[in-house]
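Residue numbers (my numbering): 639 to 776.
Given below as structure tokens:
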């Protein structure tokens, strides 16, 4: 019996549904946030830093890997690089603005929180631009 993969993919290995892409990205964001929080707390216990001093943008790494895998599955579509660059630019701009905006408005929040918010917003902005953009140009 074959085990179901998540997110569901088409025969070419592309993520099949937008809802699956968003759900997988959110799962990876949560997993990475929890892992980074544990690492942050453990490093503070051994005196390497203070709790919350880790850079929260690191939580985007696992979700970015999901996007890299989907990008690779679109091999052969000439416009994929352009769509990826547009989506990445929007994600960085909006995610960066959200993270810095939160850091400015709530200056007492640790870098782990503000960076995580910026990274999460960036990951969630990237998803629809990539998913629908690549299908539009195909």
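We treat Cβ as the ideally placed atom computed from N, Cα and C, and that holds for glycine. Values in this document were obtained by computation on a predicted structure and should not be read as measured data.
Using a C-beta cut-off of 8 angstroms, the stretch 734-749 makes contact with the stretch 675-692, since at least three inter-stretch Cβ pairs fall below that distance. When secondary structure is reduced to three states using DSSP, residue 732 falls in the helix class. Around the C-beta of residue 671, 16 or more other C-beta atoms lie within 10 Å, and the residue is accordingly described as buried. The beta carbons of residue 755 and residue 740 sit about 5 angstroms from each other, so the pair counts as a contact at 8 angstroms. The DSSP-derived three-state label of residue 652 is coil. Secondary structure of residue 713 (DSSP, three-state): coil. Contact annotation: the stretch 702-721 touches the stretch 639-659, with at least three C-beta pairs closer than 8 angstroms. Taken through DSSP and simplified to helix, strand or coil, residue 718 comes out as helix. Looking at the DSSP output, residue 647 shares a beta bridge with 653. Rounded to whole angstroms, the gap between the alpha carbons of residue 668 and residue 761 is 12 angstroms.
Secondary structure of residue 744 (DSSP, three-state): coil.
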